[in-house]
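Participant:
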Amino acid sequence: MDVTNQIVEKALALGATDVIAKGTLSRNQQVRFSTNKIDIAKTWNDNVVQVLLVYNKRVVFTEIRDFDNIDTFLETLVNLAKASKENPEYAGIAQGPFTYPKIKSDPRLKALTEVSDFVLAAVNKALEKAETTAGALFLTNEDIFLSSSAGVEAQDERTSIELSIRAFSQKEASGHSMSCSPTLEGFEPEKAGEEAGELSRLAKNPVRGDEGVFDIVFSPLFFGSVLCYSMDMASAFNVFAGRSMYVGKVGEPVASESVTITDTPSGLKQHGFDDEGVPTKENIVVEKGILKTYLHNTSTAAKVQTKTTGNAGLVVPKPLNIHIKPGDYHKDELFEEVDYGLYLTNTWYTRFQNMHTGDFSTIPRDAILLIEKGEIAGSLKNIRVSDNLLNVYQSIEGVSKEQKLVHWWIEVEFPCISSHILAKKVNITRSTE
Amino acid sequence: MDEDIAEYALEVASTCEATYADVRLETQKRNDIVLKNGILDAISHTVNEGMGIRIITEEGVGFSSTSNLDKKSVKLTVKEAFRQSKACKRKTPPRLSEEKPAKAQWSVSERKKLSSTGIEQKLDDLFLWEKSVSSLGDVPARIILLTDKQTKKLFLDSEGSAIEGYLPVVACFYFITVKHNHNVEQVGRRFGYVGGWETYEEFRIVEDAEREVTMLKNLMEKGKKSPQGKMDVVAGPDVVGIACHESCGHPTEADRILGREASQAGASFMSKELLNTQIGSEQVTIVEDPTLEHSFGFYAYDDEGVKTRRRFLFKDGYINEFLHNRESAAAMGVHSNASARSTGYNRESIVRMANTFLLPGDYSVEEIIEDVKRGVYMKSYTEWNIDDKRYNQKYIGRESYLIENGEIKHIVKRPVLELTTPAFWKAVDACGKDFTLKAGNCGKGDPLQEMEVSYGGPTARLRNIYMR
Chain A
1300 MDVTNQIVEK ALALGATDVI AKGTLSRNQQ VRFSTNKIDI AKTWNDNVVQ
1350 VLLVYNKRVV FTEIRDFDNI DTFLETLVNL AKASKENPEY AGIAQGPFTY
1400 PKIKSDPRLK ALTEVSDFVL AAVNKALEKA ETTAGALFLT NEDIFLSSSA
1450 GVEAQDERTS IELSIRAFSQ KEASGHSMSC SPTLEGFEPE KAGEEAGELS
1500 RLAKNPVRGD EGVFDIVFSP LFFGSVLCYS MDMASAFNVF AGRSMYVGKV
1550 GEPVASESVT ITDTPSGLKQ HGFDDEGVPT KENIVVEKGI LKTYLHNTST
1600 AAKVQTKTTG NAGLVVPKPL NIHIKPGDYH KDELFEEVDY GLYLTNTWYT
1650 RFQNMHTGDF STIPRDAILL IEKGEIAGSL KNIRVSDNLL NVYQSIEGVS
1700 KEQKLVHWWI EVEFPCISSH ILAKKVNITR STE
Chain B
172 MDEDIAEYAL EVASTCEATY ADVRLETQKR NDIVLKNGIL DAISHTVNEG
222 MGIRIITEEG VGFSSTSNLD KKSVKLTVKE AFRQSKACKR KTPPRLSEEK
272 PAKAQWSVSE RKKLSSTGIE QKLDDLFLWE KSVSSLGDVP ARIILLTDKQ
322 TKKLFLDSEG SAIEGYLPVV ACFYFITVKH NHNVEQVGRR FGYVGGWETY
372 EEFRIVEDAE REVTMLKNLM EKGKKSPQGK MDVVAGPDVV GIACHESCGH
422 PTEADRILGR EASQAGASFM SKELLNTQIG SEQVTIVEDP TLEHSFGFYA
472 YDDEGVKTRR RFLFKDGYIN EFLHNRESAA AMGVHSNASA RSTGYNRESI
522 VRMANTFLLP GDYSVEEIIE DVKRGVYMKS YTEWNIDDKR YNQKYIGRES
572 YLIENGEIKH IVKRPVLELT TPAFWKAVDA CGKDFTLKAG NCGKGDPLQE
622 MEVSYGGPTA RLRNIYMR
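Chains A and B are the protein sequences, given in the same order.
Just so we're aligned, residue 1300 is where the first sequence starts under my numbering, counting upward by one.
Just so we're aligned, residue 172 is where the second sequence starts under my numbering, counting upward by one.
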């Protein structure tokens, strides 16, 4: 806190008009594994202060790791700002001080140094039904210090642990699962291994899937990826850049009435405040299918005459933890609604023809299971969801009560509390030859 | 750079019970500018210096990094990497391929040094682009990002390698939305170069954006439905390039083949047994070459100290060689071919591509088109993707034309090519004399490492494949 306060004071003395200094002291660990053995174990001990400095609406940014030369960095930054150009849309930073909720970090995770046994436990559980496994465990342990020239002094501690595991029963038969938790108590690596192994068993002997229009049950992991891509498009930055299917759609239907999506301060990453120091809160982004708001910082909110949603990153607004509201169905009831369709358990490589319209495709991976009369009836491979994302949201008919916290690599980039989702008449394609 | 602190790290590592250790000391100066809809959103200037240490013991591989380069922090970081190697609890010890230790210095020349290119010059150039694009009519959303980086690297290892390198990079990406009547089309274009500021003019981004906007308006106004069914496809260098990257470069990454990336970027349909088997027509030779001067994927030595060379991944239609770092090479009983790369001192070096391209042939583009009775000329693409085993891919045309009786007829909307890797490469019957490389950003690793690469080739003709 002393360092971030010092940076703010020094920057103001050099002529800055607004300053935010965000310090992160991190002690993170990762264990990566494949073919049932640990490939590499890593640690990062990083101490960085990110600085947003504004001089008469000229916005510049830096990171400081060399704390012996803070004055030099700040002088360089102020000179850069002076040589820059005004951003007429810059509307200042949030005026503090604020009060914040109690810090929610887990002391047991903070004290954890040995994590490889969790990996071995998950692998061994998966191997009860699979032949080989791969994945990663990530332990996050961060102390955050935020100071701003608008009276903000905030401190937070964030801990989380997550294990992602992919199990193969055959070369083309796999299942993927994970356990993610902000506390050690909620972390269940063996359960993740068991689920990945079971999905790999169900996925055995896949045959080439058909093209056509199918009713689909998406798993929480698959739909978590969908939620991430769509909520990233709800960031006002992406809306203004044209990289969104939500341009001009606030107040309009963007999904079926079954869909309510919120962005929340709690989940895998517990955020007491955003990068302007604004206390975070639950924001309803889509309510019963209607787009209610974009995700804002102070400047993007001012552009559309609204208030910040507390989603500021240091430069652009971003989701914190995404949450789809649980529906009225039990998971099994969603399957019972499907006479002939697909259960898709994971996806990757989502790309858009046109982000404005939402035309896209994504490639199911891991267990792709055929549903007949509500029951799993076989395993498929080599298909692609080729549709329009707004259409997919409009076609949702059921959301499960049971939910799962998912977060995985870059495909579920933001933590999501996700459900099983039933969507009707989704277009499936495959390679023509 | 403080060579002494890197040597100190290696000295501390030598006191551990390690079978191998390497140290990567890096300083990276980076500038980013974001201009959105004519407004300068932000400028970023960062200097990131630090050291990554890898230690291998009989129990495993440990990696740790630090940005504190005092002796106390460095010693703690080495000890931490050693502790992590022990925590792997491997029953079979990790191995690296045997490579000759190297001592070298390399750098890339800059005609206009990045260190002396001021912010005013960069802003003038970006605002010129903005003025030009915004004057083209209904272009409601425009964003352009400019990055320049100067990276100094020092690599030392316990086998005696000592390599210093300097890599200046300029990269630019724009994304624009074009409206015409009630239609909307979008385009994203990436440019990259290893060298000084002289490259910016070579990007010709103003002309490029003007051409794209004009083409997209023409597409929205006059574009007709694309034909479906079996036909010939003429693929432009952009389409050939992305196919080289996705369906040749990635599946030949040996770490994928061995399963090391299976949970993230995926595995590969290939295996060691598929070496020397046919994957394409005899026209298809795809190379991977980090040695191309000033190319976006250039480097002289990889991040394990191995000297680079051209790699022939597919040769005359046959799978010829995989991409290796020392870990995958040892597992397959071969030598590394210098594919170990990392995006920074705080990331492990893993198998990556550099510049991946189809070798040109003897045909002019006109000759390639002349011999097509009915088909589609797909010059560029919008949506693309491929499954994680790198077998089923899809490319949707952005700028595409109908060809009839050897002549380009009219522009067509979003033709879809969705086919397997062998089907794509076996259909190639002619390669042009033309050649273009395009800059790309390749994502792999965990945590994600977005790597500068390029891909391309000539115009190529694919015979009798299914279009929708």
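Just so you know, even glycine gets a beta-carbon here, dropped at the ideal spot from N, CA and C.
Among the residues of its own chain, which have a CB less than 8 angstroms from the CB of Val310 (chain B), if the five just before and after it don't count?
Facilitator: So the list reads Val304, Ile347, Thr348, Val349, Lys350, Val384, once near-sequence residues are dropped.
Participant: List the residues of chain A that Val410 (chain B) touches, going by C-beta distances under 9 angstroms, in chain order.
Facilitator: Result: empty, since nearest Cβ-Cβ is about 15 angstroms, beyond 9 angstroms.
Participant: Using a Cβ cut-off of 7 angstroms, which residues of the region 193 to 213 of chain B contact any Cβ in chain A, in chain order?
Facilitator: For the region 193 to 213 of chain B, which is checked against every Cβ of chain A, the residues closer than 7 angstroms are Lys207, Asn208, Ile210, Leu211, Asp212, Ala213.
Participant: How far does the beta strand (DSSP E) with Gln1454 (chain A) in it extend, from its first residue to its last?
Facilitator: 1452 to 1469 is the extent of the beta strand (DSSP E) around Gln1454 (chain A).
Participant: Could you check which residue in A:Ser1699, A:Asp1405, A:Val1358 has the C-alpha nearest to that of Gly1391 (chain A)?
Facilitator: When each option's Cα is compared against that of Gly1391 (chain A), the closest is A:Val1358.
Participant: Kindly identify the DSSP beta-bridge partner or partners of Met1297 (chain A).
Facilitator: Any property of residue 1297 (chain A) remains undetermined from this structure, which presents chain A solely from 1300 to 1732.
Participant: Glu498 (chain B) to Asp175 (chain B), Cα distance in whole Å?
Facilitator: Their backbone Cα atoms lie some 28 angstroms apart in a straight line.
Participant: So which residues on chain B does Val1358 (chain A) lean against when the C-beta distance must stay under 9 angstroms?
Facilitator: Ordered by position in chain B, the residues that pass the 9 angstroms Cβ test against Val1358 (chain A) are Leu211, Asp212, Ala213, Ile214.
Participant: Can you check which of these residues, B:Ala433, B:Lys260, B:Glu291, is closest to Ala1466 (chain A) by C-alpha distance?
Facilitator: Comparing Cα-Cα distances from Ala1466 (chain A) to each of B:Ala433, B:Lys260, B:Glu291, the minimum goes to B:Ala433.
Participant: From the DSSP output, in three-state form, read off Ile539 (chain B) for me.
Facilitator: Correct three-state label for Ile539 (chain B): helix.
Participant: Is the separation between the beta-carbon of Ile540 (chain B) and that of Ile582 (chain B) shorter than 9 angstroms?
Facilitator: No, the pair does not count as a contact, with Cβ atoms beyond the cut-off.
Participant: Using a Cβ-Cβ distance under 9 angstroms, would Ala177 (chain B) count as near chain A?
Facilitator: Answer no: the Cβ-Cβ gap between Ala177 (chain B) and chain A never drops below 9 angstroms.
Participant: Listing by chain order, which chain B residues have their CB less than 7 angstroms from the CB of Arg1650 (chain A)?
Facilitator: Chain B residues near Arg1650 (chain A): Glu554, Trp555, Asn556.
Participant: Determine the direct distance from the alpha carbon of Phe362 (chain B) to that of Phe253 (chain B), and round the result to whole angstroms.
Facilitator: Spanning the two alpha carbons is a distance of roughly 40 angstroms.
Participant: Could you please give the first and the last residue of the uninterrupted alpha helix (DSSP H) stretch that includes Thr385 (chain B)?
Facilitator: Thr385 (chain B) -> alpha helix (DSSP H) spans 376 to 393.
Participant: Between which residues of its own chain and Ile1306 (chain A) is the CB-CB distance below 8 angstroms, once the five residues before and five after are set aside?
Facilitator: If we look at Ile1306 (chain A) and ignore the five residues flanking it on each side, its Cβ neighbours are Val1318, Ala1320, Val1348, Val1350, Ile1363, Ile1369, Leu1373, Ser1446.
Participant: If you measure beta-carbon to beta-carbon, which residues of the region 1385 to 1400 of chain A are closer than 7 angstroms to chain B?
Facilitator: Taking 7 angstroms as the Cβ-Cβ cut-off against chain B, the residues of the region 1385 to 1400 of chain A that qualify are Asn1386, Pro1387, Glu1388.
Participant: Go through its chain and collect everything with a Cβ distance to Ala312 (chain B)'s Cβ below 6 angstroms, but skip five positions before and after it.
Facilitator: If we look at Ala312 (chain B) and ignore the five residues flanking it on each side, its Cβ neighbours are Thr348.
Participant: Just curious, the beta strand (DSSP E) that Met402 (chain B) is in, first and last residue?
Facilitator: Met402 (chain B) -> beta strand (DSSP E) spans 400 to 406.
Participant: Which of helix, strand or coil does DSSP assign to Pro1406 (chain A)?
Facilitator: Three-state DSSP puts Pro1406 (chain A) in a helix.
Participant: Near Pro1616 (chain A), what residues of its chain come up, given a Cβ to Cβ distance below 7 angstroms and the 5 sequence neighbours on each side ignored?
Facilitator: Result list for Pro1616 (chain A): Ser1534, Ala1535, Phe1536, Leu1594, His1595, Asn1596, Thr1599, Asn1610, in chain order.
Participant: Taking a contact to mean a Cβ-Cβ separation below 9 angstroms, would you say His1667 (chain A) touches Tyr1648 (chain A) in this structure?
Facilitator: Correcting the residue identity first, residue 1667 (chain A) is Ile in this sequence and not His. It is not a contact, given that the beta carbons lie outside the stated cut-off.
Participant: Measuring only the C-alpha atoms, how far is Ser1478 (chain A) from Gln1454 (chain A)?
Facilitator: When rounded, the distance between both Cα atoms is 27 angstroms.
Participant: Exposed or buried, Asn635 (chain B), counting other C-beta atoms within 10 Å across all chains shown (16 or more means buried)?
Facilitator: That one is exposed.
Participant: Can you give me the C-alpha to C-alpha distance between Thr1561 (chain A) and Pro422 (chain B), rounded to a whole angstrom?
Facilitator: Spanning the two alpha carbons is a distance of roughly 39 angstroms.
Participant: Pull up the distance between the alpha-carbon of Lys1606 (chain A) and that of Met391 (chain B), whole angstroms please.
Facilitator: Those two C-alpha atoms are separated by around 37 angstroms.
Participant: Considering only the alpha carbon of each residue, which of B:Cys187, B:Gly568, B:Ala177, B:Lys262 lies closest to Gly223 (chain B)?
Facilitator: Ranking the options by Cα distance to Gly223 (chain B), first place goes to B:Ala177.
Participant: Starting from Thr263 (chain B), follow its DSSP beta bridges and name the residues at the other end.
Facilitator: For Thr263 (chain B), which the question treats as bridged, DSSP gives no partner whatsoever.
Participant: Measure the beta-carbon distance from Gly1492 (chain A) to Val1422 (chain A) and round it to whole angstroms, keeping in mind my assumption that it falls under 8 angstroms.
Facilitator: Correct: roughly 6 angstroms between the Cβ atoms.
Participant: In chain B, which residues lie with their C-beta within 9 angstroms of the C-beta of Met1544 (chain A)?
Facilitator: Chain B residues near Met1544 (chain A): none, gap ~11 angstroms exceeds 9 angstroms.
Participant: Hey, is Lys1336 (chain A)'s beta-carbon within less than 9 angstroms of any beta-carbon in chain B?
Facilitator: Cβ-Cβ to chain B under 9 angstroms: yes for Lys1336 (chain A).
Participant: Give a yes or no on whether the minimum CB-CB distance between Glu1493 (chain A) and chain B is below 9 angstroms.
Facilitator: Taking Cβ atoms only, chain B never reaches closer than 9 angstroms to Glu1493 (chain A), which makes this a no.
Participant: Just the chain B side, please: which residues come within less than 7 angstroms of Arg1331 (chain A) by C-beta, in chain order?
Facilitator: The contacting residues are Asp617.
Participant: For Asn1687 (chain A), which option in A:Pro1714, A:Ala1435, A:Phe1366, A:Ile1727 has the closest C-alpha, if you only look at C-alpha atoms?
Facilitator: Among A:Pro1714, A:Ala1435, A:Phe1366, A:Ile1727, the Cα nearest to that of Asn1687 (chain A) is on A:Ile1727.
Participant: Can you tell me which of the three DSSP states Ser1446 (chain A) falls into?
Facilitator: Reduced to three states, the DSSP call for Ser1446 (chain A) is strand.
Participant: Using a 10 Å radius around the Cβ and a threshold of 16 neighbouring Cβ atoms, would you call Ala1410 (chain A) buried or exposed?
Facilitator: Exposed.
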